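Each remark here refers to the structure printed beneath this line.
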Amino acid sequence: MSVTATPVRPAPDHHAQFIELLQTSLEQNAFIKLVLAKYCGDEPDLQRLIIKQLMVKDQPCLSFVYRYKTRDITKNFALAEGVQTVAALLPASFKNAHLLAVTDEAQLEYSKKGKSSLFKSKPQQLREVPSAGHNREKNRFLDLSRPFLADLGVTNHKHELIPAMSRKWKQINKFIEVFSHALTSSPLALDKPVRVSDFGSGKGYLTFAIHDYLRNTLQAEGLVTGVELREDMVKLCNEAAARLEHPGLDFQHGDVRSVAPRAVDVMIALHACDIATDYAIHMGIRSGASIIMCSPCCHKQIRLQIQSPALLKPMLQYGLHLGQQAEMVTDSLRALFLEACGYETKVFEFISLDHTNKNKMILAVKRAEPVDATELLAKIQELKAFYHITEHCLETLLRADGYLV
644 MSVTATPVRP APDHHAQFIE LLQTSLEQNA FIKLVLAKYC GDEPDLQRLI IKQLMVKDQP
704 CLSFVYRYKT RDITKNFALA EGVQTVAALL PASFKNAHLL AVTDEAQLEY SKKGKSSLFK
764 SKPQQLREVP SAGHNREKNR FLDLSRPFLA DLGVTNHKHE LIPAMSRKWK QINKFIEVFS
824 HALTSSPLAL DKPVRVSDFG SGKGYLTFAI HDYLRNTLQA EGLVTGVELR EDMVKLCNEA
884 AARLEHPGLD FQHGDVRSVA PRAVDVMIAL HACDIATDYA IHMGIRSGAS IIMCSPCCHK
944 QIRLQIQSPA LLKPMLQYGL HLGQQAEMVT DSLRALFLEA CGYETKVFEF ISLDHTNKNK
1004 MILAVKRAEP VDATELLAKI QELKAFYHIT EHCLETLLRA DGYLV
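What the sequence shown shows, in this note's numbering, is residues 644 to 1048, in sequence order.
As structure tokens, this is what we get:
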């Protein structure tokens, strides 16, 4: 008598099923949010990963917010790359994934022994997909409820954004976003005081914001100084800092040329005119700053020296193009000098902070290891020779202090 063996059913591939659910929710514009939890990797303090959909330069992408105990790190991926990244993280780095969509939700779990379980359910009522604008608003680095925003006139007494200050609110958040990413890649440790100098601090919007972000969001000790030429602004800001109980925040009268250098971790100088930007960068370098954030304004010194090649003269007969060339050459040389002094440097468009078209930022983060600048300095000299530039203020300051040999 023969016995027919019952075929063994293969174990369900819950991983593949979950990724297919994620892919389908994106294709059907039903995706709301994905949260990866129960982290099992080797990064200290990483708690969870929150994924939402955003529009970046009119293209849909997945925004990955890595949530640590004291900070958030955001990375954006194209949709296909984002799905592949999620697939690779499960279960290698996270043992739990919760997908929230318009019509259903799913949860993928892995036991300690690696056994997977997939749970699916229908919502009691149809959810609404948040707009890209809504997602971006939720990804703010500061909260409207912060007291300093009301004191400085950004919000009203109910902590509602004053319509006339909406642009300023956007600018403040963009600045903190840039600072947050720079801080993550810098050698600074948050278990020690973070010393910040903000030159040209004005009414103190950014000075208060960076101090509040360090103290309240990152739970770090921020020692922040705003430096401003207008004495009435210095008095106004010091009174506000005392009234709002911002320990470690103060404002001084002076500018980047008159204030004596001291040890600084973060140097900020936004819209310093012409060579004042060079003095600010020089101050940051000799103060040992790990992060230098500059938004240059005016480029007179180099513009007066540049002698353009004959081939370019028809293009540069227009004043606008001539000014753009001076701006590009000046700031490129600044960035290259920072590279030569051991910084990783980026130059990018930044939202204007004074409602002008001067929206470029030079961001420099100190490298962990020194670099051999010989080849880089040779290229700088070639660039100067091409444009017949005899002097760049930052180079003069750095050579006088022996930073460039």
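Ideal Cβ positions, reconstructed from N, Cα and C, are used throughout, including at glycine. All figures in this text were calculated on a predicted structure; none of them were measured in a lab.
Unbroken alpha helix (DSSP H) run spanning residue i, endpoints
i: A659; result: 657-670
i: F809; result: A small correction: the amino acid at residue 809 is Ser; Phe does not occupy that position in the sequence shown. Residues 809-828.
i: R886; result: 874-886
i: H925; result: 919-929
i: L849; result: 848-855
Residue i and residue j closer than 7 Å at C-beta
i: L751; j: H657; result: yes
i: T827; j: D841; result: no
i: S933; j: S829; result: yes
i: G931; j: A953; result: no
i: E987; j: L1019; result: no
i: A883; j: D794; result: yes
i: C916; j: C937; result: no
i: L976; j: K989; result: no
i: I918; j: Q944; result: yes
i: Y753; j: P734; result: yes
i: F791; j: D855; result: yes
i: E864; j: H896; result: no
i: H889; j: Q950; result: no
i: A744; j: I675; result: yes
i: G985; j: V1008; result: no
i: T713; j: L833; result: yes
i: L866; j: R900; result: no
i: L705; j: G725; result: yes
i: N739; j: F784; result: no
i: I924; j: L1037; result: yes
i: R691; j: A673; result: no
i: L1040; j: L1047; result: no
i: L677; j: L742; result: yes
i: Y711; j: D688; result: yes
i: D974; j: P939; result: yes
i: S1064; j: H802; result: The structure shown has nothing for residue 1064, since the chain only spans 644 to 1048.
i: F991; j: M971; result: no
i: V797; j: M808; result: yes
i: F707; j: K700; result: no
Opposing strand residues paired with residue i [DSSP bridges]
i: P703; result: M698
i: Q967; result: Paired residue(s): none; Q967 is not in a bridge.
i: N1049; result: Because residue 1049 is not part of the residues shown, which for the chain are 644 to 1048, the question remains open.
i: H741; result: V678, Q750
i: R691; result: R710
i: S759; result: Y753
i: V867; result: V839, L892
i: S764; result: E748
i: Y986; result: K1009
i: I934; result: V909, V1008
CB-CB length for residue i against residue j, believed under 8 Å
i: G847; j: F894; result: 7 Å
i: S736; j: Y682; result: 6 Å
i: T1033; j: Q968; result: Not quite, the Cβ-Cβ distance comes to about 17 Å (not below 8 Å), so this is no contact.
i: T843; j: M876; result: As written in the sequence, residue 843 is Gly, which differs from the Thr given in the question. Rounded, the Cβ-Cβ distance is 10 Å, inconsistent with contact.
i: D908; j: L831; result: 6 Å
Range of the contiguous beta strand (DSSP E) that encloses residue i
i: R789; result: No beta strand (DSSP E) holds R789; DSSP gives it neither H nor E.
i: H914; result: 909-916
For residue i, three-class secondary structure by DSSP
i: T728; result: helix
i: F674; result: strand
i: E1038; result: helix
i: Q685; result: Contrary to the premise, residue 685 reads as Asp rather than Gln in this sequence. Correct three-state label for D685: coil.
i: C940; result: strand
i: H896; result: strand
i: A1007; result: strand
i: F993; result: coil
i: E1025; result: helix
i: V1048; result: coil
i: L1019; result: helix
i: I805; result: coil
i: T973; result: helix
i: T798; result: strand
i: N859; result: helix
i: G962; result: helix
i: A1043; result: helix
i: I599; result: Within the shown structure, residues of the chain are numbered from 644 to 1048, placing residue 599 beyond reach of any answer.
i: L955; result: helix
i: A832; result: coil
i: A978; result: helix
i: H777; result: Caution applies to H777, whose pLDDT of 42 falls short of 50 and renders its modelled position unreliable; the value that the coordinates give is listed next. Three-state DSSP puts H777 in a helix.
Check: residue i C-beta below 6 Å from any heavy atom of the ligand MG
i: V821; result: Although the ligand MG was asked about, the structure shown includes no ligands whatsoever.
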